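Report on one structure; see the data block that follows.
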Amino acid sequence: MKKVELLSPAKNLETAIAAINSGADAVYIGACDFGARVNASNTVENIEKLVNYAHKFYVRVHVTINTILRDEELSDALELIQQLYSIGVDAIIIQDMGILKAAIEQKIPPIQIHMSTQCNNRDINKIKFFDKIGVSRVILARELSLVQIEQICNNVGCEIETFIHGALCVSYSGQCYLSYANGGRSANKGACAQPCRKKYSLIDEDNKYYLKDKYLLSLKDFNASESITKLISCGVKSFKIEGRLKDINYVKNVTLYYNNLINKYAKRTSSGKIFTEFEPDVSKTFNRLFTDYFLNSRHDCYNFLTPKSMGEYIGKVLKSDKHYVEIDRNSDISSQDGIFYSVEDKPEGFMVNKVVKNKIYPNKLLDISVGTKLYRNYDSAYDKKLASSKIVRKIGVKFEVFDDKILATDEDLNSVCVFLGGYEYALNKSKASENIINQLKKSGESDFYVTDVKLTLGEEIPFLPVSKINELRRNILEKLMTERIRNYPKITQAALSYADFYEDNVDYRANVYNKEAENFYSGCNCRVKQYAIETSKTIPPGVELMRCKHCLRFAAGICTKKSKLDKSLYLMDENGKKYPLKFDCKNCEMVILNSQFI
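All residue numbers for the sequence shown refer to the numbering used here, where the first residue is -14 and numbers rise by one.
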């Protein structure tokens, strides 16, 4: 079985520890600055606490420094990287080529470099380029198919990381400038205003509506659980859950779900076993319905109805009046649950006051038609159980007792011993042996659980009081944890070098924001024609604000492969602003163009 990594998001220290306890092999977290989620930053002190906790279980800590940087920010970012390395962080996730240049020139310590999905890693030539430079890992774009992922894995030596769950950006990552164009909030600076979750209309040059007042850029949430075995066989090393802004219950539930799933098909890169009191269910936490996106083929990956959570389907309405609805199936709906439904394509919802058999009584008067589909987007009982259920992670250890010492060996073959010292021989050998075994089996509140106790003794059995055995056990487990941390398998970044870029020049879509990033491309025999969009207060008409695999022609049923529509199409927001649309049918991509200055 291959060894793979489950990588979980963390908004803060508490969430990161919960992710580790739920089965993450690695966590990714933002530092105080320069992360692509400005609302998920953490102090170096808290990251150090996380590192100390994670490394006990051989869990790795990755820190996001994946925004583009101004010239005056770059030195601060490099200083932050030095601090992160000194506290034991395992890897940094970067987008800015100024940092990569510093790594090549050994101006930062040898911390592993992971190229963020913000680098627009969808072209095999781009991944090969980073591989030639020598980076440790490349994080793929979400839009790739299983065939493309396998091709990439077969053609590079670096590790490949891919998303398996969570929210989807409708644009290729790193290629969305819509938020900046609309209000100066740059996604590449971690300040995206999420204009993709707002209402739009699809119209043509004659102002004919094809789709009106819907969330046309809002996608369902990603769920690749049915393709896990294929992704493992493709050669993917790390399986990433999206969600650095998600709450702790979401992270616990989703991490445990994929921990249990991956355990069926692969070995893991970290240590320990998860002990829990609940069964994970990803349908019960935030989701906009699920899609496997483009892993297998093009299909309906969008949810035009709402950008908010819809949750799990619970049934259709059989009968209704203003005071209750009766659904067509038995369910475990209870008071305080949240229910989602739609009326004429408008999202609605209510809280449950009480349930009698299949009748649901809401907290407000209703007007719901027979046949309406109901979804539960808040399961109060499950959420409470998830919040209160104890989840612990413990490392397997076995003891072997000799005449003069006790040897402890953990699941990673770290070993320590403590000596017994002077003792008397037991008169009741059977009772003494049983006592030793029973007491050593108890691991208490430690980070270990005991898998075996073996007695390798001579004719005589030592008489050890319970208090003495307990003291020996505590001492040896403390020593074993110290030994584990001392032997932590730290992996450093191998030497990097410049490599020829696969194109002669790059424009604003390379997101070059500082002189060192420009010099990086020069070192790779590539000319920077334009700096990043964010260097200008105005964006000329015709600039690509977004390029995506989601296609509104396809969604509206007017794909040119099936219809003869030859009119220009526009995306129009609620204020009447129009964005010209361009369709690259050869690559099955849609492009949203800027139509005016900011």
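Even glycine gets a Cβ: it sits at the ideal position worked out from N, Cα and C. Keep in mind the model is a prediction, meaning the values are calculated, not measured.
- Of the candidates Ser553, Asn572, Phe404, the residue whose Cα lies closest to the Cα of Asp191 is Ser553.
- Rounded to whole angstroms, Ser130 and Asn281 show a C-alpha spacing of 6 Å.
- Straight-line measurement puts the Cα of Ser374 at about 43 Å from the Cα of Phe115.
- Taking 9 Å as the cut-off, the beta carbon of Leu(-9) is found no closer than this to the beta carbon of Asp18.
- Beyond the five residues adjoining it in sequence on each side, Tyr194 comes within less than 8 Å, by CB distance, of Ser186, Leu187, Ile188 in the same chain, given in chain order.
- When C-beta atoms of the region 288 to 297 are compared with those of the region 321 to 341, three or more pairs fall below 8 Å, so the two segments count as touching.
- Every alpha helix (DSSP H) of 4 residues or more that sits fully in the region 123 to 150 is shown, in chain order, as 131 to 140.
- Where Glu333 is concerned, the enclosing beta strand (DSSP E) starts and stops at 331 to 341.
- Using a Cβ distance threshold of 9 Å, Asp266 and Thr276 do not count as a contacting pair.
- Annotated three-state conformation of Met466 is helix, per DSSP.
- Separation of the CB atoms of Leu202 and Val155 is rounded to 5 Å, and the pair is thereby assigned contact status at 8 Å.
- Between Ile93 and Gln68 a beta carbon distance of about 11 Å is seen, past the 8 Å cut, so the two are scored as non-contacting.
- Counting every other CB atom within 10 Å of its CB across the protein chains shown gives Ile476 a total below 16, marking it as exposed.
- For Ile470, the closest C-alpha among the options Asn31, Leu449, Asp397, Asp485 is that of Asp397.
- By the criterion of a C-beta distance shorter than 6 Å, Leu63 is surrounded in its chain by Ala87, Ile93, once the five residues flanking it on both sides are discounted.
- Here Ala87 carries a helix assignment [DSSP, helix/strand/coil].
- Glu463 counts as exposed, since fewer than 16 other beta carbons sit within 10 angstroms of its beta carbon.
- Secondary structure within the region 29 to 87: the beta strand (DSSP E) runs of 3 or more consecutive residues, fully enclosed, are 45 to 50, 76 to 79 (chain order).
- In the three-state DSSP reduction, Phe404 falls in the strand class (E or B).
- Of the candidates Val236, Tyr243, Asp206, Tyr243 places its Cα closest to the Cα of Phe224.
- One alpha carbon belongs to Gly8, the other to Leu303, and they sit about 42 Å apart.
- Here Glu297 carries a strand assignment [DSSP, helix/strand/coil].
- Between Ile318 and Ile353, the C-beta spacing is not below 9 Å.
- Our two residues, Asn420 and Lys426, have alpha carbons roughly 10 Å apart in a direct line.
- In this structure, Ala393 is the residue among Ile524, Leu442, Ala393 with its C-alpha nearest to the C-alpha of Thr467.
- DSSP places Cys104 in the helix class (H, G or I) of the three-state scheme.
- Around the Cβ of Ala480, a 10 Å sphere holds fewer than 16 other Cβ atoms; the residue is exposed.
- Residues of the same chain with a CB within less than 7 Å of the CB of Glu333, apart from the 5 flanking positions on each side, are Tyr326, Ser327 in chain order.
- For Glu135 against Gly220, the beta-carbon gap comes to about 7 Å, under 8 Å, which counts as contact.
- By the Cβ-count criterion, Ala(-5) is buried, with 16 or more other Cβ atoms from all chains shown falling within 10 Å of its own Cβ.
- When the alpha-carbon of Ile524 is set against those of Ser580, Phe486, Pro347, the nearest one is in Ser580.
- Counting along the chain, no alpha helix (DSSP H) covers Asn192, and no H or E run does either.
- Straight through space, the alpha carbons of Phe271 and Met336 are spaced by roughly 16 Å.
- Note on geometry: alpha-carbon atoms of Asp551 and Ser316 lie some 49 Å from one another.
- Look at the beta carbons and you see the region 442 to 457 not touching the region 50 to 65: under three pairs across the two are nearer than 8 Å.
- At a Cβ-Cβ threshold of 9 Å, Ile312 and Leu359 count as neighbours.
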